[in-house]
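A.B. asks: Numbering (the numbering used here), first residue to last: 4 to 244.
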Amino acid sequence: MNLPYQKIFQILFFSLFSVSLNAQNGNYISMKQRTEILENKKKLTNTVDLYYDRNKQTITKCYHSSPEFIMNINALGEIKTYYPQRNEVGFKHVPELSSKRNLIYYFINNFTDHLGLADEGFQLSSNTYENQYNVTVWKAPSYLKNIESVKMVFDNGLPVFAEYQASKKKIIKKIYYTNYKNFTQFRFPQKIIEISYLPTGDSIVNRTVFSEILVSPSPDNAFFNFKIPDNAKPVEVSENN
């Protein structure tokens, strides 16, 4: 029996809608990250393929550098760095670099009201509105000697600006979050610009662009289940990695 054209169209529409919706739902998020650092009139660029597993709370980063290396970070701050060309692996434990203290974690899990400031011990001291913008000010914990407070600015519930102050007259860092992309489960800034002001009067500009952000219900990339070979040789990891 032939179906009417209208019925066929409805079936196709809802099928395509379901596929599109499923493509944005899932616990496996991958993306490309390109970072440019401008300092002393020199530019340093690095590119990273990033894989975030919400179930395991792990982040795997593939650095396209010389040499190339793969970094895996878990929620405890245990970091494994693998160098495939040399079959070497380094281990270190830095709780402050836990996957649950990473900016990726806060955005993907919709913890955008403080972006980790509360986890660092900052206390909310004011919450006001300036026109359409929500402005919050966070007082730094006593152990942070060089930071007095952080101001965050939100537009429609999304952070668009942050300002770190050493005092009311001294700004040490500004961060801009732009080019948001909407997903079913979260919204993510595809461009982040960070400007750090040095005591010398110079500044360091850090520009990060995220692209090819994919959300999947299954670990459809091998790096979500990446395992370091058992015969990898242990080595010391530099503080820069």
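Where is the CB? At the ideal position from N, CA and C, for every residue including glycine.
Here the structure is a predicted model, which means the values were calculated and not measured.
Using a Cβ-Cβ cut-off of 9 Å, state whether Tyr132 counts as contacting chain C.
C.D. replies: The structure shown contains no chain C; it is built from a single protein chain.
A.B. asks: How big is the Cα-Cα spacing for Tyr200 and Ile175?
C.D. replies: Within the sequence shown, the letter at position 197 stands for residue 200. Within the sequence shown, the letter at position 172 stands for residue 175. Each residue's alpha carbon lies about 5 Å from the other.
A.B. asks: Considering only the beta carbon of each residue, do Thr63 and Asn49 sit closer than 9 Å?
C.D. replies: As a first step, residue 63 must be located in the sequence shown, where it is residue number 60. As a first step, residue 49 must be located in the sequence shown, where it is residue number 46. It is not a contact, given that the beta carbons lie outside the stated cut-off.
A.B. asks: Could you tell me the distance, in whole angstroms, from the CA atom of Asp205 to the CA atom of Asn58?
C.D. replies: Residue 205 sits at position 202 when you count from the first residue of the sequence shown. Residue 58 sits at position 55 when you count from the first residue of the sequence shown. For Asp205 and Asn58, the distance between alpha carbons rounds to 42 Å.
A.B. asks: Quick one: give me the first and last residue of the alpha helix (DSSP H) that Ile150 is part of.
C.D. replies: If you number the sequence shown from 1, residue 150 lands on position 147. Premise fails: Ile150 is in no alpha helix (DSSP H) and is neither H nor E.
A.B. asks: Please report how far the alpha carbon of Gly119 lies from the alpha carbon of Ile196, in whole angstroms.
C.D. replies: Taking the first residue of the sequence shown as position 1, residue 119 is located at position 116. Taking the first residue of the sequence shown as position 1, residue 196 is located at position 193. Roughly 17 Å separates the two Cα atoms.
A.B. asks: If Ala169 and Asn149 are in contact, beta carbons under 8 Å, what's the gap, nearest whole angstrom?
C.D. replies: Counting from one through the sequence shown, the residue named residue 169 turns up at place 166. Counting from one through the sequence shown, the residue named residue 149 turns up at place 146. Indeed, because the Cβ distance is near 6 Å, the residues count as touching under 8 Å.
A.B. asks: Report the residue ranges of all beta strand (DSSP E) runs contained in full by the stretch 67 to 142; include only those spanning at least 3 residues, in chain order.
C.D. replies: Runs of the beta strand (DSSP E) lying entirely within the stretch 67 to 142 and spanning at least 3 residues, in chain order: 72 to 76, 81 to 86, 91 to 96, 126 to 133 and 136 to 142.
A.B. asks: Taking only three categories from DSSP, how would you classify Ala169?
C.D. replies: The residue you call residue 169 lines up with position 166 of the sequence shown. Reduced to three states, the DSSP call for Ala169 is strand.
A.B. asks: Using 10 angstroms around the beta-carbon of Phe213, count the other beta-carbons present and answer buried if the total reaches 16, otherwise exposed.
C.D. replies: Residue numbering aside, residue 213 sits at position 210 when the sequence shown is read from its first letter. Looking at its Cβ environment, which holds 16 or more other Cβ atoms inside 10 Å, Phe213 is buried.
A.B. asks: Please report the distance separating the alpha-carbon of Gln60 from that of Val51.
C.D. replies: By 1-based counting over the sequence shown, the position of residue 60 is 57. By 1-based counting over the sequence shown, the position of residue 51 is 48. Their backbone Cα atoms lie some 18 Å apart in a straight line.
A.B. asks: Just how far apart, CA to CA, sit Lys184 and Arg190?
C.D. replies: Counting from 1 along the sequence shown, the entry for residue 184 is found at position 181. Counting from 1 along the sequence shown, the entry for residue 190 is found at position 187. Each residue's alpha carbon lies about 6 Å from the other.
A.B. asks: Please classify Leu79: is it buried, with 16 or more other beta-carbons within 10 angstroms of its beta-carbon, or exposed?
C.D. replies: Taking the first residue of the sequence shown as 1, we reach residue 79 at position 76. Exposed, since its Cβ has fewer than 16 Cβ neighbours within 10 Å.
A.B. asks: Which same chain residues, not among the five before or five after Asn130, have their C-beta less than 6 Å away from its C-beta?
C.D. replies: Counted from its first residue, the sequence shown places residue 130 at position 127. Only Thr139 meet the Cβ criterion.
A.B. asks: Do Ile73 and Tyr55 have their beta-carbon atoms positioned less than 9 Å apart in this structure?
C.D. replies: Within the sequence shown, numbered from 1, the residue matching residue 55 stands at position 52. Within the sequence shown, numbered from 1, the residue matching residue 73 stands at position 70. Contact flag unset, no.
A.B. asks: Kindly list the residues whose CB is nearer than 8 Å to the CB of Tyr132, restricted to its own chain and excluding five residues on each side of it in sequence; keep chain order.
C.D. replies: Position 129 of the sequence shown holds residue 132. Excluding sequence neighbours, Tyr132 sits near Val138.
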